[in-house]
Amino acid sequence: MNQYRKMFEIEGKVALVTGGAAGIGLEVVRALLKNGVRGVVLADINIKNGITASDEFANEFGKNRVLFVHTDISDKTSFEDAFKRTISEFGNIDILVNNAGICDEQDYEKEIAVNLTGAVHGSLLAVENYILNHKTGSEGVIINTSSLVGCYANPSCPIYVATKFGVVGLTLSLGMKENYENTKIKVIAIAPGNTISNIAKSVKIRNERYAAMVAHTLNSLVPQTPAFVADQMMKLIREKPSGTIWVCEESLETYEYVPPEPRIKVF
Numbered sequence: 029m030n031q032y033r034k035m036f037e038i039e040g041k042v043a044l045v046t047g048g049a050a051g052i053g054l055e056v057v058r059a060l061l062k063n064g065v066r067g068v069v070l071a072d073i074n075i076k077n078g079i080t081a082s083d084e085f086a087n088e089f090g091k092n093r094v095l096f097v098h099t100d101i102s103d104k105t106s107f108e109d110a111f112k113r114t115i116s117e118f119g120n121i122d123i124l125v126n127n128a129g130i131c132d133e134q135d136y137e138k139e140i141a142v143n144l145t146g147a148v149h150g151s152l153l154a155v156e157n158y159i160l161n162h163k164t165g166s167e168g169v170i171i172n173t174s175s176l177v178g179c180y181a182n183p184s185c186p187i188y189v190a191t192k193f194g195v196v197g198l199t200l201s202l203g204m205k206e207n208y209e210n211t212k213i214k215v216i217a218i219a220p221g222n223t224i225s226n227i228a229k230s231v232k233i234r235n236e237r238y239a240a241m242v243a244h245t246l247n248s249l250v251p252q253t254p255a256f257v258a259d260q261m262m263k264l265i266r267e268k269p270s271g272t273i274w275v276c277e278e279s280l281e282t283y284e285y286v287p288p289e290p291r292i293k294v295f
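For reference, each letter of the sequence shown is one residue, going 29 to 295 in this note's numbering.
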């Protein structure tokens, strides 16, 4: 089988999950532990939630398999410290889950810093050093959390949409075969639809005329659980090739989002 498309084994690996103290991130940590990772770092800006979550996981899965690191992913130094702590605690890092995110159109600079700059910080730290040089085996994985609105326009939250489009572009570009062949790190993304999470509960819209529309839309959809999204992410990590985007909505199996190609290709 072409190595670019080979199965990735989660068991025995080491992972770093941002936004791991709540919502999808919390369930990703749980799913990774259930799937046999040797160790996982739960990186989150919320200290109280992080300590509570790591203690619960330690009781269920063993205290030597999980570590909480207080992390601000918008700050490169803070994010890099999470990588360093991962190496110090577990000796390796194989999987990065760029999951942390917010939807706050009223503080769009912070929204960009967390959703897009944070994903860029993590991805570059991984492909240029930490996963590149500290993989347990021959291959590593970055999985980015985009959004359904990272694939389609939405009038109510244009900055959030822009950040998630950015995550899609980052994934497609870093995940190209030319990059994978140099790093042996596959880069993929999941684009969840309406999901029960803190983001969905705390959406802040810049233009209040859209507030009723957002509330109506969210209330009209049957949300999927974070645990379902996390389980789908395990399948993506194992099975899917680098440079691909997978939509996860309505508690159904993921499907691939393929952007249209230009008539003239540069690469």
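Positions of the beta carbon are idealized from the N, C-alpha and C atoms, including for glycine. None of the values given here were measured: they were computed from a predicted structure.
- In the structure shown, aspartate 132 adopts extended strand secondary structure according to DSSP, grouped into three states.
- In the structure shown, isoleucine 73 falls within a coil segment according to DSSP collapsed to helix, strand and coil.
- Assignment of alanine 43 by DSSP, reduced to helix, strand and coil, places it in the strand class.
- Contact check between the segment 80-96 and the segment 136-156: fewer than three CB pairs, one atom from each, fall below 8 Å, which does not count as touching.
- DSSP places proline 290 outside both helix and strand once states are collapsed to three, so it counts as coil.
- Residue burial is scored here from C-beta neighbours: valine 286 has fewer than 16 other C-beta atoms within 10 angstroms and is therefore classed as exposed.
- Here DSSP, grouped into helix, strand and coil, assigns lysine 212 to coil.
- For isoleucine 233, no alpha helix (DSSP H) run applies, since DSSP gives it neither H nor E.
- Only residues of its own chain outside the window of five on either side were considered, and among them Ile52, Glu55, Val56, Arg58 and Ala59 have a CB closer than 8 Å to the CB of alanine 258, listed in chain order.
- Following the DSSP letters along the chain, one finds threonine 245 inside the alpha helix (DSSP H) bounded by residues 239-248.
- Tyrosine 136 and glutamate 289 have their C-alpha atoms some 30 Å from each other.
- Under the Cβ criterion (8 Å, minimum of three pairs), the segment 102-112 counts as touching the segment 148-156.
- Cβ neighbours of glutamate 39 within its own chain (closer than 6 Å, five residues either side excluded): Gly64.
- Taking the Cα of glutamate 117 as reference, the smallest distance to any Cα among Cys185, Leu44, Asn172 and Gly165 is reached at Leu44.
- Counting C-beta pairs with one atom in each stretch, the segment 181-196 and the segment 246-260 have fewer than three that are closer than 8 Å, which means they do not touch.
- Beta-bridge analysis with DSSP links valine 68 to Ala43 and Val94.
- For tyrosine 285, the enclosing beta strand (DSSP E) stretches over residues 283-285.
- Put simply, of Asn87, Asp100 and Val68 the residue whose alpha carbon is nearest the alpha carbon of asparagine 74 is Asp100.
- Residues of the same chain with a CB within less than 7 Å of the CB of arginine 266, apart from the 5 flanking positions on each side, are Met35, Phe36 and Ile38 in chain order.
- Counted as a single uninterrupted DSSP element, the beta strand (DSSP E) harbouring asparagine 126 occupies residues 123-126.
- Rounded to whole angstroms, the separation of the alpha carbons of isoleucine 187 and arginine 237 is 16 Å.
- In the DSSP assignment, glycine 271 falls outside any alpha helix (DSSP H), carrying neither H nor E.
- Between lysine 163 and aspartate 122, the CB-CB gap stays under 7 Å.
- Looking at the DSSP output, alanine 217 shares a beta bridge with Asn172 and Ile273.
- Annotated as proximal: glycine 146 and serine 102, with beta-carbon spacing under 7 Å.
- In this structure, lysine 268 sits near isoleucine 216, with a CB-CB distance shorter than 7 Å.
- Distance from the CA atom of asparagine 222 to the CA atom of glycine 178, rounded to whole angstroms, is 13 Å.
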